[in-house]
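Be aware that the sequence shown starts at 0, since it is given in numbering that gives the first Met the number 0, and climbs by one per residue.
Idealized CB from N, CA, C, for every residue including glycine.
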Amino acid sequence: MRRRVYLDNNATTPVLPEVLEAMRPYFGEHFGNASSIHHHGQETRAAVERARESVAALVGCRASEVVFTSGGTEGDNLAIFGLTDSGDHVITSTVEHHAVLNSCKRLAAQGCEVTYIPVDGRGLLDPADVKRAIRPNTKLITIMLANNETGVVQPVAEIGQIASEAEIYFHTDAVQAAGKIPIDVNKIGCDLLTISGHKLHGPQGVGALYVRKGTGLEPMLHGGSHERSRRAGTENVPGIVGLGKAAELAVAGFARGDDCADQTMAATRDHLERELLDIEATGLNGEGAPRVPNTTNIYFDGIEGEALVIALDLKGLAVSTGAACSSGAIEPSHVLTAMGLRPDRARASIRFSLGKQNTAEDVDFALALVSKTVERLRELSPVWPRSEVSR
Ligand SMILES: Cc1ncc(COP(=O)(O)O)c(C=O)c1O
0 MRRRVYLDNN ATTPVLPEVL EAMRPYFGEH FGNASSIHHH GQETRAAVER ARESVAALVG
60 CRASEVVFTS GGTEGDNLAI FGLTDSGDHV ITSTVEHHAV LNSCKRLAAQ GCEVTYIPVD
120 GRGLLDPADV KRAIRPNTKL ITIMLANNET GVVQPVAEIG QIASEAEIYF HTDAVQAAGK
180 IPIDVNKIGC DLLTISGHKL HGPQGVGALY VRKGTGLEPM LHGGSHERSR RAGTENVPGI
240 VGLGKAAELA VAGFARGDDC ADQTMAATRD HLERELLDIE ATGLNGEGAP RVPNTTNIYF
300 DGIEGEALVI ALDLKGLAVS TGAACSSGAI EPSHVLTAMG LRPDRARASI RFSLGKQNTA
360 EDVDFALALV SKTVERLREL SPVWPRSEVS R
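Structure below.
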């Protein structure tokens, strides 16, 4: 059987065995509706509330400030549409995930004004630009914590400070940061923060939005009074239990210092990165910026990223050209072009993202395969050798 190595953990992570075990009873004997007052309901209600405590511990907030959602996209939408009205001004960045960018596009169509803060060549925005963009009608700043394509971590605490001084709501999409680096909503100074289960070895289709106490958030879904009337709909109990367990494991990992945030993950990623950068005519996207420890994004001049992804997949290695939802799109990555990459370089870029399940052997397998495949594709490329690549 072909060996398969998965280095696309920013697209989704495998559910950890402990998480699956924690979820299993909630597909079977513990089936109650968490809103029911009888024994079956109380059993699942207790499980949901335990999970809420675990998620709160992951981001440093109170359990009552956690709203369970169907994932990162819903969390971002709830934060953005739940706070804004026509006539409001919103500040975001050019490198956000489409869950934020397309929500902002929709806001603009509904009569809001949106300012997109640019980033520099490292992928970092300047908090001073955020400050300068503030207007009397600015209602919300929404800037991501870690970028899904490059792993670049934005200076969110500085933005939080600016937002708080100006008394403007600050939302951060922490989907790609949760479980990888410690998060504390009070240190960031944000009012809302999105996480998603499947990016931290929990299940797909569940997430959470931190909503600071006192934030006047309008619900998007109307129905029962679930989640303190902030998100109607019967809770996804198995999913929530899985997210809670994943959060608990992440917190325990941070405490032990052997999790994603520690030296092991960073060292494995750095080894992978160093070796890949040894291949001729390559470069690191996001160089010089702080990054989460699991992600590296590298361009291979003279290569079509999509072709490389397909060729590697045929040999058993799963990587990505960037956001999974834009794979197959002809347009180069909006994140990389916002960082000033030439379109051909943006198209020649590949994201490698590690998860807790990956080993040093996985990285060695990837390294051998990538260098061979890049060489072979370059032999076939009409824009190679390097001297013929436009600069
Ligand atoms: C930064 C970021 N925000 C939001 C999302 C959307 O999360 P979900 O897939 O849970 O809807 C993703 C998923 O790729 C992401 O990377």
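| query | result |
| --- | --- |
| Close Cβ partners of Thr372 (< 8 Å) along its chain, the five nearest in sequence each way excluded | Leu307, Ala310, Leu311, Lys314 |
| Expected contact under 8 Å - CB spacing of Val89 and Val113 to nearest Å | 5 Å |
| In chain order, each alpha helix (DSSP H) run of at least 4 residues that lies wholly inside the region 261-291 | 262-276 |
| Coarse secondary structure for Ala173, derived from DSSP in three states | coil |
| Given Leu100 as reference, the closest of Asp128, Arg3, Phe80 once Cα atoms are compared | Phe80 |
| Val14: CB within 6 Å of a non-hydrogen atom of ligand 1 | no |
| Beta-bridge pairing of Asp7 - partner residues as DSSP gives them | Ser352 |
| Span of the beta strand (DSSP E), counted from its first residue to its last, around Gly301 | Careful: Gly301 lies outside any beta strand (DSSP E) and carries neither H nor E. |
| Between the CA atoms of Thr12 and Ile395 - distance to the nearest angstrom | Given a span of 0 to 390 for the chain in the structure shown, any question on residue 395 remains unanswerable. |
| Cβ separation of Ala207 and Ile187, assumed to be a contact under 8 Å, to the nearest whole Å | Not really, about 15 Å apart at Cβ, beyond 8 Å. |
| Closer than 6 Å: Ala46 CB and nearest ligand 1 heavy atom | no |
| Residue list, Cβ distance to ligand 1 heavy atoms smaller than 5 Å | Gly70, Gly71, Thr72, His96, Ala98, Asn147, Asp172, Val174, Gln175, Ser195 |
| Through-space distance from Phe351 to Glu274, alpha-carbon basis | 13 Å |
| Nearest-angstrom Cβ-Cβ length linking Ala231 and Lys198, presumed shorter than 8 Å | Not quite, the Cβ-Cβ distance comes to about 25 Å (not below 8 Å), so this is no contact. |
| Chain C within 7 Å of Glu73, Cβ atoms only | The displayed structure is made up of one protein chain only, and chain C is not part of it. |
| Thr336 and Ala345 closer than 7 Å at C-beta | yes |
| Alpha carbon of Val58 to alpha carbon of Gly243, nearest angstrom | 12 Å |
| Straight-line Cα distance separating Glu95 from Glu17 | 32 Å |
| Residue from Leu276, Ala245, Pro289, Pro292 with nearest C-alpha to Tyr298 | Leu276 |
| Helix, strand or coil at Val18 according to DSSP, with G and I counted as helix | helix |
| DSSP-derived helix/strand/coil call for Ala249 | helix |
| Leu106, buried or exposed, once every other Cβ within 10 Å from all chains shown has been counted against 16 | buried |
| Coil, strand or helix - Ser228 by DSSP | helix |
| Own chain, CB closer than 8 Å to Ser102, minus 5 neighbours either side, in chain order | Asp75, Asn76, Ile79, Phe80 |
| Three-state secondary structure assigned by DSSP to Thr43 | helix |
| Buried/exposed call for Arg390, threshold 16 Cβ in 10 Å | At Arg390, the pLDDT of 48 sits below 50, so the modelled position is not reliable; the number obtained from the coordinates is stated separately. Arg390 comes out exposed. |
| Integer Cβ distance of Ala246 from Ala56, believed to fall under 8 Å | 7 Å |
| Strand pairing of Ala145, partner residues [DSSP] | Val152 |
| In DSSP terms, what Asn296 is bridged to | Arg350 |
| Rounded distance between the beta-carbons of Cys111 and Ser85, thought under 8 Å | 6 Å |
| Extent of the continuous alpha helix (DSSP H) to which Gly71 belongs | 71-80 |
| Cβ pair Pro202, Gly252 closer than 7 Å | no |
| For Glu234 and Glu378, the rounded distance between their alpha carbons | 54 Å |
| Euclidean distance between Cα positions of Arg1 and Leu82 | 50 Å |
| Inter-residue spacing [alpha-carbon to alpha-carbon] between His29 and Gly196 | 21 Å |
| Length of the line joining the Cα atoms of Cys60 and Ala127 | 27 Å |
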